[in-house]
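Going by the UniProt record's numbering, the final residue of the sequence shown carries number 286, and the count climbs one at a time with no gaps.
Built from N, CA and C at the ideal position, the CB exists for glycine as well.
Computed from a predicted structure; not experimentally measured.
Structure record follows, encoded as structure tokens.
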Amino acid sequence: MNFSDFIDKAFNFNDYAQLLPLVSNSLIAGAVLGVVGGLIGIFIMMRDMAFAVHGIAELSFAGASFALLIGADVVTGSVFGSLIAALILGFLGTRARDRNSITGVLMPFGLGLGILFLSLYEGRSANKFGLLTGQIVAVDDVQLNGMLVLSLVVVLALILIWRPLTFASVDPVVANARGVRTSGLSIFFMVILALAVAVTIQVVGALLVLALLITPAAAAMRVTSNPVLTVVLSIAFAELAVVGGILLALAGALPISPYVTTISFMTYVVCRGIEYARSPRRRHQV
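If you want it as structure tokens, here you go:
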């Protein structure tokens, strides 16, 4: 395949207007996921839990794969797997070192289980591939409603615990001394994170969920320290990645995940460039 063939495969806008209605549900889901990812990503970064997200995603993938194998609802299986991983990490990984080691154990186990279940599944190969890399036309009305409900639960729960969670994330020792129940709060946050991961996997897939839950918040934190602006930029970057990725994926014959991850990565690179250009050392050198 030469470069011209690649471009034609990745960006082919023939009949784009006719194809656009096919992803109306996905666009709505993507817009909602952008809000979820942008909000929860802030706390993931503050609490240094990027690695834990990957571990939850692998068990979520295993749960979704098992549900696909037995003919059950994939979303339910994904949520069930995420919750198991979140509770394990919440109760056993109270310290960062413990959490990272447990995550390192869970990741290959969850991925191995998921691959096992998919290898036993005799249905359409697109269903297998979609769990890993995401799909853009697979969100029907029932799935969309379920995603909206789960997303609403995540957003409302975050709003409810926003202040104590921020306090506990910035300085857990002082927060605990001031009466904040940091242990219970951590477990509750892990449950919220599990739901967010399960919802996100339906669109971007299990392998690349970090592009929506981590990268937008990481990029926003590079260009501002204002808490409100950080949240706004994180949501904006997540929306750009997922909605833009869906719209571009519709024009090509590739899965959605390369588009989402590329947009997300380039956003981070630009923000790093802005941070570097604004740094005192850089100004002194110029």
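Residue environment, residue i, which counts as buried when at least 16 other CB atoms sit within 10 Å
i	result
residue 18	exposed
residue 286	Caution is warranted here: a pLDDT of 45 is assigned to residue 286, below 50, making its placement in the model unreliable, and no coordinate value can be reported.
residue 61	buried
residue 159	exposed
residue 220	buried
residue 91	exposed
residue 25	buried
residue 333	For the chain, the structure presents residues 1 to 286; residue 333 sits outside this window and is missing.
residue 216	buried
residue 163	exposed
residue 259	buried
residue 276	exposed
residue 181	exposed
Residue i to residue j span [Cα, whole Å]
i	j	result
residue 142	residue 177	46 Å
residue 234	residue 66	33 Å
residue 148	residue 179	34 Å
residue 223	residue 264	15 Å
residue 227	residue 42	9 Å
residue 21	residue 249	14 Å
residue 295	residue 209	With the chain running from 1 to 286 in the structure shown, residue 295 is simply not present.
residue 107	residue 206	11 Å
residue 31	residue 239	6 Å
residue 237	residue 144	22 Å
residue 88	residue 16	45 Å
residue 174	residue 63	38 Å
residue 272	residue 37	20 Å
Helix, strand or coil at residue i according to DSSP, with G and I counted as helix
i	result
residue 255	coil
residue 122	coil
residue 229	helix
residue 99	helix
residue 279	coil
residue 208	coil
residue 222	helix
residue 34	helix
residue 178	coil
residue 105	helix
residue 163	helix
residue 47	coil
Beta carbon of residue i nearer than 8 Å to that of residue j
i	j	result
residue 82	residue 194	yes
residue 110	residue 58	yes
residue 243	residue 27	yes
residue 256	residue 204	yes
residue 69	residue 113	no
residue 213	residue 231	no
C-beta neighbour in chain C for residue i, strict 8 Å
i	result
residue 183	Here there is only one protein chain, and chain C is not present.
Is it the case that the stretch 182-193 contacts the stretch 37-53, given that we only count it when at least three CB pairs across the two stretches are under 8 Å?
yes
Between the stretch 162-171 and the stretch 182-191, do three or more beta carbon pairs fall short of 8 Å?
yes
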